[in-house]
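Notes follow once the structure below has been shown.
Residue numbers (the working numbering): 226 to 334.
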């Protein structure tokens, strides 16, 4: 199971993905949609949190189309509510937030 570690650096925000003892940077998936040229953010609403929500959704789901459909709701339901400082989320927590969004199909589209 993946574990996501959000951290603030001197150069902006970053999210590390830990899986099977290895740690890599989260792919921000700007190839799907470049919502925030300035980078990612959390704990607020806006373009930076939307980019992070898209990246998390795409990483957890492995489905780019679905990630594009639900990322704005994931931004509001999860990413905007993260603490301003460092945070940790499991893959299961992100999936649970996505599952809750998908239970409300009219709002997810």
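Ideal Cβ placement from N, Cα and C applies to all residues, glycine included. As the structure is a prediction and not an experimental result, all values here were calculated from the model.
Looking at 311, 227, 239, the one whose alpha-carbon comes closest to that of residue 247 is 227. Assignment of beta-bridge partners to residue 319 by DSSP yields no partner. Setting aside the 5 residues that flank it on each side, residue 292 is surrounded in the same chain by 254, 257, 279, 282, 283, 286, each with a C-beta closer than 8 Å to its C-beta; the list follows chain order. DSSP links residue 243 through a beta bridge to 228, 248. For residue 237, the three-state secondary structure derived from DSSP is strand. Selection 316, 232, 308, 328 evaluated against residue 245 yields 316 as nearest (Cα-Cα).
When secondary structure is reduced to three states using DSSP, residue 285 falls in the helix class. One alpha carbon belongs to residue 229, the other to residue 301, and they sit about 18 Å apart.
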